[in-house]
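This report concerns only the one structure given below.
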Amino acid sequence: MSKILITGVAGFLGSHLADWLIRDGHKVVGVDNLLGGYEDNVSNDVEFYKDDSRDFDKMKSLTKGVDIVYHCAAAPHEGLSVFSPNIITEHTYNSTVATVSAAVINSVKRVVFCSSMARYGEQERLPFTEDMAPKPKDPYGVAKYAAELVTESLCRAHGLEYVHAIPHNIIGPRQKYDDPYRNVASIMINLMLQGRQPIIYGDGEQKRGFSFVNDVVDPLVKMGFQPNVVGEAINVGPDEEYVSVNELAQRIAVLMDFKSLKPVYVGDRPMEVKYATCSAEKSRRLLDYKTTYTLDRGLSEMIDWIKERGARPFRYHMALEIINDKTPSTWKDRLF
Ligand SMILES: NC(=O)c1ccc[n+]([C@@H]2O[C@H](COP(=O)([O-])OP(=O)(O)OC[C@H]3O[C@@H](n4cnc5c(N)ncnc54)[C@H](O)[C@@H]3O)[C@@H](O)[C@H]2O)c1
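In terms of full-length UniProt numbering, the sequence shown opens at residue 1 and continues consecutively.
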């Protein structure tokens, strides 16, 4: 049995990860400042601290006696990061410096850093493979890539093992669906549940791969323990189905029996990558990765979960730091 610290444990991914690790017999300590996530995502079996992972002293105390740190805390708001770069960098990069340096002080064995496909930016070839040089396009991608580098630097300097997990767009129960700044699928579901049309940026032909949360957590768990992944960056999630945002809206409408779909199109979001899809080859090779959920099955489970909790008004809980003619009207004028 290992003692494991998960930052961002009230979040979507962190809470599922906690459940899997507890089921495997590990002791899980979790920290979350509730910038995102939902407090009721956290199981009673987690030793939970409502604290901030940017707080170095707090993190020094929470990493005592810990074998593995999964650093999932972040402000995963890619589009918003162009307009609120200070908030996003603080919670995405600064929180990593504090967490990893605290892990060093307490001689944690391994740090699994949860990065993002945003670190790839726009590449000449698709799908993205781990050997491509990262070219992040927005402050969130920059913060994630910088956080990878600082994790690597500190872990190498002080002899800790580290692994970088690179998830794509994840879907599933427990994802925040009342945040107007991110999570395209759950925003669409919440809008359709309210009888409203989905809002799409640009022409909607931007393409993404979506991963059901179980297909991300399985490889993530293995990254904490397997010896063959130390020092690696690995894409996690399926690579079988890529869809445009237009097609995503259509699939959700069919699954929800939402008649007369007529998406509302608004201007492009500045710096949005047009095509972003990741290869799962390295994950198959090193982690024996297998996809278990189709996109439709994953969407159905997420729809059921959101329906059960009920539609909710969107909460504009993060400040827009830069408001100008490039700021999306969805946020400036609170269209969601
Ligand atoms: N969901 C996705 O599609 C996706 C894709 C790629 C990468 N990721 C990465 O996976 C991780 C988890 O994402 P998620 O979708 O579960 O998001 P989430 O917002 O549901 O979870 C992140 C959690 O971190 C917490 N948090 C933020 N700043 C914090 C701080 N300073 N101290 C303590 N807690 C803090 C939030 O309150 C939230 O509960 C993030 O690092 C994210 O960047 C997510």
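Beta carbons: idealized from backbone N, C-alpha and C, even for Gly. Computed from a predicted model, the values in this text were never measured in an experiment.
- Within the DSSP bridge table, the entry for H164 names F113 and A233 as partners.
- Taking the Cα positions, G37 is about 8 angstroms away from R174.
- DSSP places Y265 in the uninterrupted beta strand (DSSP E) bounded by V264 to V266.
- Rounded to the nearest whole angstrom, the CA to CA distance from A311 to S186 is 10 angstroms.
- Rounded to whole angstroms, the gap between the alpha carbons of S2 and G231 is 20 angstroms.
- Taken in chain order, the complete beta strand (DSSP E) segments of 3 residues or longer contained in the region 248-322 are 264-266.
- In the DSSP secondary-structure assignment, R208 is bridged to V243 and A276.
- Approximately 23 angstroms separates the beta-carbon atoms of G25 and G172; this is outside 8 angstroms, ruling out the contact.
- D179 and L35 have their C-alpha atoms some 11 angstroms from each other.
- M271 is positioned such that its CB atom lies no closer than 8 angstroms to that of K144.
- At a Cβ-Cβ threshold of 8 angstroms, A146 and C114 do not count as neighbours.
- In this structure, C278 has its CB at a distance of at least 7 angstroms from all heavy atoms of ligand 1.
- With contacts defined as CB atoms closer than 8 angstroms, V69 and L5 qualify as a contacting pair.
- Boundaries of the alpha helix (DSSP H) harbouring Y140: P139 to H158, taken from the DSSP string.
- Between E241 and L160 the beta-carbon gap is near 36 angstroms, outside 8 angstroms, which marks them as no contact.
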